[in-house]
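Mapping the sequence shown onto our numbering, position 288 (from 1) lands on 471, and the numbers just tick up by one.
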Amino acid sequence: MITRFYWLLIAVIFLLILIGGGYIYIVIFKGTIPIELPKTSYFEFNDLSPTSIAYDSLLKTAYVTDLKGLIKKYSVDEFNIKYIDSIGRYGNDRGQFREPCDIEVDKNNFIYILDSYLSKLTKMDNNGKVIWEVGKFGNNETNFANPLGIGLDKLGYIYIADTKNNRIVKYDLDGNFLMLFGKMGKEPSQFDNPVDVAIDTKGFIYVLDKNNNRIQVFDSNANFISYNNYSIDISKINRIYIDEKDLIYLISDTEIYIANRERILEKITPFFEKNKFTILNVFKWVNKLYILYKNDKNIGGIKIIQTKS
């Protein structure tokens, strides 16, 4: 008798929960707000050890740099990703790469590939034709020392995080040197291992000053503006990405922090098994965040998360 009563009580409680949920949906929301979980999707590469990613929204094409010296092209349409072609190849010569570490796309569909090992920047068209190359290992104004990050502004100027030289170098679209700023140190406009750079829609330059545990902000003339004193350990951040709404994405191995100039707004943890996956970079398109990652076997993929905006 007690057992039967117990199960009857559970059934009544479960029924009340269902009725309550329906009441909230029908009466309070009047059936106008659908109950929907955020959609996610995965695309896994079979033979790619990725390092970075960039997206051409006009051609709906993503470019992924690979440790094998290739840049692979994928068509990206909502949650659908398909392989198109590969450009570049492994080597030391023009149009060849050893450790392509970062990539950007401009509004005219040209791509810019930064190679950390060769300390060079290559501009290509979207079919892989080399337009120009600049740089080799060194510390004069046209050379780099193991650079790790690249950023483009709305005018098309190119900014290089020249990591081992502890400076930022600026070029125009034709590969002409414009200026450099920064040196080793802890004061404003000084850096210790700057690993990435990004530019917002207003032209402000954000430098990920990793070993100084800070992000420095400059105007387009390289005048120091401020530090971003976020309540996280910046020394664990590897990439910085800024979307079209000037939201700032701070990317560590396991988390993505979304911020504005003043504070952290949200934290995303894409993978429950943190020790098996490493986040490499992201791009945002419309209401989806595309997360480039690699697993513990060094094979990569893209996780797509539908966002709120």
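Here a beta-carbon is modelled for each residue, glycine too, at the ideal position from N, C-alpha and C.
A residue is called buried when at least 16 other Cβ atoms come within 10 angstroms of its Cβ; Asp392 meets this threshold and is buried. Considering only Ile341, Leu361, Leu335, Val378, the residue with the shortest C-alpha distance to Asn348 is Val378. Taking 8 Å as the upper bound for CB-CB distance, Leu297 and Ile343 are in contact here, some 7 Å apart. Look at Asn421 here: in three-state DSSP terms it is strand.
Leu430 places its beta carbon 8 Å or farther from that of Pro233.
Taken atom to atom, the span from the alpha-carbon of Ala442 to that of Ser372 is near 22 Å. Residue pairing of Asp276 in beta bridges, as defined by DSSP: absent, with no partner found. For Thr244, the beta-bridge partners assigned by DSSP are Asp239, Ser258.
Taking C-beta separations shorter than 8 Å and ignoring five residues to either side along the sequence, the partners of Val313 in its chain run Arg277, Gly278, Thr305, Lys306, Met307, following chain order. Contact annotation: Lys255 and Asp249 have beta-carbon atoms nearer than 8 Å. The residues Tyr225, Phe226, Glu227, Phe228, Tyr476, in chain order, have a CB closer than 7 Å to that of Gly484 in the same chain once the five nearest residues on each side in sequence are set aside. Here Asp285 is not near Leu335, since their CB atoms are 8 Å or more apart.
Contact between the stretch 451-464 and the stretch 408-415 is absent, with fewer than three C-beta pairs closer than 8 Å. With fewer than 16 other beta carbons inside 10 angstroms of its own, Leu448 counts as exposed.
For Lys243, same chain residues with a beta-carbon under 8 Å away, outside a window of 5 residues either side, are Ser258, Val259, Asp260 in chain order.
The stretch 315-324 and the stretch 379-390 do not touch, with fewer than three beta-carbon pairs separated by less than 8 Å. For Asp249, the pairing in a beta bridge is given by DSSP as Pro233. For Asp355, no beta strand (DSSP E) encloses it, and the DSSP letter there is neither H nor E. Apart from the 5 residues on each side of it in sequence, Arg281 sits with its Cβ closer than 8 Å to the Cβ of Gly252, Tyr273, Gly274, Asn275, Asp298, Tyr300, Leu301 in its chain, given in chain order. The beta carbon of Tyr473 is closer than 6 Å to those of Phe466, Ile485, Ile487 in its chain, skipping five residues each way along the sequence. Secondary structure at Asn326: coil, using DSSP grouped into helix, strand and coil. When rounded, the separation of the alpha-carbon atoms in Asn481 and Asp357 is 35 Å. With 16 or more other Cβ atoms inside 10 Å of its own Cβ, Leu463 counts as buried. Going by beta carbons, Asn292 and Leu241 fall inside the 8 Å limit.
Around the Cβ of Asn421, a 10 Å sphere holds 16 or more other Cβ atoms; the residue is buried. In summary, Glu287 is buried, with 16 or more beta-carbon neighbours lying within 10 Å of its beta-carbon over all protein chains present. Less than 8 Å separates the beta-carbon of Thr346 from that of Asn376. Rounded to whole angstroms, the Cβ separation of Phe387 and Phe401 is 7 Å, and the two are in contact under 8 Å.
If you draw a 10 Å sphere on the C-beta of Phe455, you find fewer than 16 other C-beta atoms in it, and that means exposed.
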